[in-house]
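Peer 1: Structure below; questions to follow.
Residue numbers (the numbering used here), protein chains in the order written: chain A, 1132 to 1482; chain B, 1132 to 1482.
Next up, the structure:
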């Protein structure tokens, strides 16, 4: 086990409350400028383009913009443009490219094409001097500092925080994003949950973790937690929205199958509890990962639960941090090195 | 094993060339009417709303409309509306609900809300008297006849065929969708591949089929084939676009891991062959499922390959039929009953 690399991964996870504080302190002006340009343009749609973890942050942005701001949002399939040389007409849209490194060739190509068609373009990047940052009109920088671990953590949380800030000020220009005030505190409480995460990981380790499931605002963290499980411990957990899980994959449930259900309070709680019953009735195992304004649950459910006074739209960021801790501890419980995923590089560039 | 149910599932798969012929014969007028109303409205976006297999057909529709017709397309997250009571503004869009049964509550709710906001609404359904059909302005009927097997086959192929017809006539009102002329013939050749499908299934059965991967037009059939694998044999294959696979899940590859790569000719071939090399270099196993204008491949790759003179945009329908055959044979090779997925009902209604 590479102790130094594991320590670095843990340090990057623990830096996240500071990253969020920094963004709330320093980036509100830049976020307000982007919000103003979106309001002025009155776009027909907001289009996100991203890959990997950044795409999971983009899915979160979609829930925020559609539910909180009622803006039609699309997640781009960039291969139309990059493989076939033909993508959709984007002249009346706002296109937001999301990338940690700002190097992904297909994301850059999509943003460039959108800009040449007349779209308003925004880059959410950690590296402000990257080609993606240069290709977009506006840049929202993650200010996360260098991220050296291969599994991305703090850059994803920074992307999600910038999107939460954008949603907060989009329709209320005078807003100071005050609803996000408790986020850094909640993340400090989250990173202190290492022991609880280790307990949940020990409960999960003996079985096949087959899926990570969340509905509504709990779906984006389910996507990213499933990816962390793959990267850190080769756990083949597939992410599902609860609705899609019931349309087929429910057939997978048998006694050795376990699912991790994500609950971020509010409406997502009802769905998670319904699914808990459905999986148990079929003889499967369910564990829960919960953060936000949540109610207590029964003792016999393996769980990590962090009550934090933060509404359902922002609780996914807190849930994700708990999920990162569980992913690290699950790898350790399985005797694997979470910081050194085999075959992965830090920057993946897809043409 | 329920011989009758297995025979019924096979019969429904074998009916598919007839279903496609029927649609091309009888539904061109209805498809042209929908195309005309889309042209007249000049929508800001086309929004698909669907669940399960129908959602995979919708992803295919998205590639067609974005690449062949350059229309911005979004796949709805209906839970915004149904869980939180707030969805995006849809007044300038065309909303297409896709459902076999036409009973899915969230799909119906989304289409109703869109219509009340002034969107043009279309239902692609097999049951023309279903609530979804009644809730939309226009209906494109699948004409697939009753589908009794729980794993959906002919209704999905019908949905995809209607979308291919719509794409063909959308920008060329005088078109007779002639480019689809070879589809029924190609599907007849596909359903005759049962022996080849059984050979590929026997090659896949001893290992963990971890993923089904396709890029561009090969991605929608990868989604649906992975779902058939789950439903018929509880094979936990996760679908990926090749681009996203390289951004993390590649870490999963080890000697016992096998991936099924989908190749529908054209640009998708290059990507499939690159991925074949990448997976082999990491010691994993790769098999291929290929249909369309494809080149021969090396002997040592387990594969099912059907050369059919049909372009990349329509070859996904042919690939899907091969995938259905492989899913049935894989279940049989594993001693399971492909026609009776545990815990599933034919109609799943998600609120």
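For every residue, glycine included, the Cβ atom is placed at its ideal position computed from N, Cα and C.
All values reported here derive from a predicted model rather than from experimental measurement.
Specify whether the region 1416 to 1436 of chain A and the region 1161 to 1175 of chain A touch according to this definition: at least 3 beta carbon pairs, one from each stretch, less than 8 Å apart.
Peer 2: Under the 8 Å Cβ criterion, the region 1416 to 1436 of chain A does not count as touching the region 1161 to 1175 of chain A, having fewer than three qualifying pairs.
Peer 1: Using a 10 Å radius around the Cβ and a threshold of 16 neighbouring Cβ atoms, would you call residue 1222 (chain A) buried or exposed?
Peer 2: Reading the first chain from its first residue, position 91 is the one you call residue 1222 (chain A). Counting Cβ neighbours within 10 Å, residue 1222 (chain A) comes out exposed, since fewer than 16 surround it.
Peer 1: Residue 1419 (chain A) bridges to which residues according to DSSP?
Peer 2: Translated into the one-based positions of the first chain, residue 1419 (chain A) becomes position 288. Residue 1419 (chain A) is bridged to A:1392, A:1434.
Peer 1: Along chain A, which residues have their Cβ under 7 Å away from the Cβ of residue 1252 (chain B)?
Peer 2: What you label residue 1252 (chain B) is simply residue 121 of the second chain in a count that begins at 1. Neighbourhood of residue 1252 (chain B) in chain A, by CB distance below 7 Å: empty, with the nearest CB roughly 15 Å away.
Peer 1: Quick check on residue 1158 (chain A): buried or exposed, where buried means 16 or more other Cβ atoms within 10 Å of its Cβ?
Peer 2: On the first chain, residue 1158 (chain A) is found 27 positions in, with the first residue counted as 1. Classification for residue 1158 (chain A): buried.
Peer 1: With a threshold of 8 Å on Cβ separation, who are the neighbours of residue 1383 (chain B) within its own chain once the five nearest residues in sequence on each side are excluded?
Peer 2: Translated into the one-based positions of the second chain, residue 1383 (chain B) becomes position 252. Excluding residues within five positions, the ones whose Cβ falls inside 8 Å are 1341, 1342.
Peer 1: For the region 1214 to 1242 of chain A, which residues have a beta carbon sitting closer than 8 Å to at least one beta carbon of chain B?
Peer 2: 1214, 1215, 1217, 1218, 1219, 1220, 1221, 1223, 1224, 1237
Peer 1: Is the beta carbon of residue 1214 (chain B) sitting closer than 9 Å to the one on residue 1234 (chain B)?
Peer 2: Within the second chain, the letter at position 83 stands for residue 1214 (chain B). Within the second chain, the letter at position 103 stands for residue 1234 (chain B). No. Outside cutoff.
Peer 1: Check whether the Cβ of residue 1285 (chain A) lies closer than 9 Å to any Cβ atom in chain B.
Peer 2: Along the first chain, one-based indexing puts residue 1285 (chain A) at 154. Closer than 9 Å: no.
Peer 1: Considering residue 1331 (chain B), what are the terminal residues of the beta strand (DSSP E) in which it resides?
Peer 2: Looking up residue 1331 (chain B) in the second chain gives position 200. Residue 1331 (chain B) -> not in any beta strand (DSSP E); alpha helix (DSSP H) instead, spanning 1325 to 1335.
Peer 1: Per DSSP, which one or two residues make a beta bridge with residue 1498 (chain B)?
Peer 2: Outside the displayed range of chain B (1132 to 1482) lies residue 1498 (chain B), so it cannot be described from this structure.
Peer 1: Which residues of chain B have a Cβ atom closer than 8 Å to the Cβ of residue 1375 (chain A), listed in chain order?
Peer 2: Residue numbering aside, residue 1375 (chain A) sits at position 244 when the first chain is read from its first letter. Simply 1182, 1183, 1186.
Peer 1: Round the Cβ separation of residue 1456 (chain A) and residue 1325 (chain A) to the nearest angstrom and send it over; I've been treating them as touching at under 8 Å.
Peer 2: On the first chain, residue 1456 (chain A) is found 325 positions in, with the first residue counted as 1. On the first chain, residue 1325 (chain A) is found 194 positions in, with the first residue counted as 1. The pair is a contact, with the Cβ atoms about 6 Å apart (cut-off 8 Å).
Peer 1: Specify the secondary structure class of residue 1342 (chain B) as computed by DSSP and reduced to three states.
Peer 2: Here residue 1342 (chain B) refers to the residue found at position 211 when the second chain is read from its first residue. Note: residue 1342 (chain B) maps to strand in three-state DSSP.
Peer 1: Could you tell me the alpha carbon to alpha carbon distance between residue 1201 (chain B) and residue 1148 (chain A), rounded to whole angstroms?
Peer 2: In the second chain, residue 1201 (chain B) corresponds to position 70, counting from 1. In the first chain, residue 1148 (chain A) corresponds to position 17, counting from 1. Each residue's alpha carbon lies about 42 Å from the other.
Peer 1: Taking 9 Å as the CB-CB limit, is residue 1399 (chain B) close to chain A?
Peer 2: Locating residue 1399 (chain B) in the second chain gives position 268, where the first residue counts as 1. Interface criterion met: the Cβ of residue 1399 (chain B) is under 9 Å from a Cβ in chain A.
Peer 1: Let me check one thing: in DSSP terms, what residues is residue 1370 (chain A) bridge-paired to?
Peer 2: The residue you call residue 1370 (chain A) lines up with position 239 of the first chain. Residue 1370 (chain A) pairs with A:1343.
Peer 1: Does the region 1194 to 1209 of chain B come within contact of the region 1176 to 1183 of chain B, defined as at least 3 CB pairs closer than 8 Å?
Peer 2: yes
Peer 1: What are the residues in the region 1334 to 1348 of chain A lying within 7 Å of chain B by C-beta distance?
Peer 2: 1341, 1346, 1347
Peer 1: Nearest to residue 1409 (chain B) by alpha carbon, out of B:1398, B:1392, B:1424, B:1425?
Peer 2: Numbered from 1 along the second chain, position 278 holds the residue referred to as residue 1409 (chain B). Cα-wise, what sits closest to residue 1409 (chain B) is B:1392.
Peer 1: Check for me: the beta strand (DSSP E) holding residue 1384 (chain A) runs from which residue to which?
Peer 2: In the first chain, counting from the first residue as 1, residue 1384 (chain A) sits at position 253. Run containing residue 1384 (chain A): none; DSSP gives neither H nor E here.
Peer 1: With a threshold of 9 Å between beta-carbons, can residue 1210 (chain A) be considered close to chain B, or not?
Peer 2: For the purposes of this step, residue 1210 (chain A) is identified with residue 79 of the first chain, where counting begins at 1. Yes, its Cβ sits closer than 9 Å to a Cβ of chain B.
Peer 1: Please state whether DSSP places residue 1286 (chain A) in a helix, a strand or coil.
Peer 2: For the purposes of this step, residue 1286 (chain A) is taken as residue 155 along the first chain, with counting starting at 1. Reduced to three states, the DSSP call for residue 1286 (chain A) is helix.
Peer 1: In its own chain, which residues sit with a C-beta less than 6 Å from the C-beta of residue 1449 (chain B), not counting the 5 before and 5 after it?
Peer 2: Working through the second chain from its first residue, we reach residue 1449 (chain B) at position 318. Excluding positions up to five away in sequence, the list reads 1317, 1321, 1422, 1439.
Peer 1: Pull out every residue of the region 1186 to 1202 of chain A whose Cβ sits closer than 9 Å to any Cβ of chain B, in chain order.
Peer 2: 1186, 1190, 1193, 1194, 1196, 1197, 1198, 1199, 1200, 1201, 1202
Peer 1: Where DSSP assigns a beta bridge to residue 1230 (chain B), which residues make up the other side?
Peer 2: Working through the second chain from its first residue, we reach residue 1230 (chain B) at position 99. According to DSSP, residue 1230 (chain B) bridges with B:1256.
Peer 1: Which class does residue 1189 (chain B) belong to by DSSP, given the choice of helix, strand or coil?
Peer 2: Here the question's residue 1189 (chain B) lines up with position 58 in the second chain. Helix, per DSSP.
Peer 1: Quick check on residue 1382 (chain A) - is its C-beta less than 9 Å from some C-beta in chain B?
Peer 2: Residue numbering aside, residue 1382 (chain A) sits at position 251 when the first chain is read from its first letter. For residue 1382 (chain A), the answer is yes, since a Cβ of chain B falls inside 9 Å of its Cβ.
Peer 1: Run through the DSSP bridge pairs and tell me what residue 1225 (chain B) is partnered with.
Peer 2: The residue labelled residue 1225 (chain B) in the question sits at position 94 within the second chain. Residue 1225 (chain B) is bridged to B:1177, B:1251.
Peer 1: Helix or strand or just coil, what does DSSP make of residue 1155 (chain A)?
Peer 2: Translated into positions along the first chain, residue 1155 (chain A) becomes position 24. In this structure, DSSP gives residue 1155 (chain A) a helical state, which the three-state scheme calls helix.
Peer 1: Whole angstroms is fine: what's the gap from residue 1443 (chain A)'s alpha carbon to residue 1469 (chain A)'s?
Peer 2: For this step, residue 1443 (chain A) is matched to residue 312 along the first chain. For this step, residue 1469 (chain A) is matched to residue 338 along the first chain. Between residue 1443 (chain A) and residue 1469 (chain A), the C-alpha separation is close to 29 Å.
Peer 1: With DSSP as the reference, identify every bridge partner of residue 1205 (chain A), one or two as the case may be.
Peer 2: Position 74 of the first chain, counted from the first residue, corresponds to residue 1205 (chain A). Looking at the DSSP assignment, residue 1205 (chain A) forms a beta bridge with A:1178.
Peer 1: Measure the CB-CB distance between residue 1155 (chain A) and residue 1312 (chain A) and report whether it falls below 9 Å.
Peer 2: Reading the first chain from its first residue, position 24 is the one you call residue 1155 (chain A). Reading the first chain from its first residue, position 181 is the one you call residue 1312 (chain A). Going by C-beta atoms, residue 1155 (chain A) is nearer than 9 Å to residue 1312 (chain A).
Peer 1: If you compare alpha carbons, which of B:1169, B:1282, B:1406 is closest to residue 1252 (chain B)?
Peer 2: The residue given as residue 1252 (chain B) occupies position 121 in the second chain. Closest by alpha carbon: B:1169.
Peer 1: According to the Cβ coordinates, are residue 1460 (chain B) and residue 1285 (chain B) closer than 9 Å?
Peer 2: Looking up residue 1460 (chain B) in the second chain gives position 329. Looking up residue 1285 (chain B) in the second chain gives position 154. Against a cut-off of 9 Å, the Cβ pair of residue 1285 (chain B) and residue 1460 (chain B) comes out as no contact.
Peer 1: So that I know if they touch, is there some Cβ in chain B lying closer than 9 Å to that of residue 1389 (chain A)?
Peer 2: Taking the first chain and counting its residues from 1, the one referred to as residue 1389 (chain A) is at position 258. So no, residue 1389 (chain A) is outside the interface.
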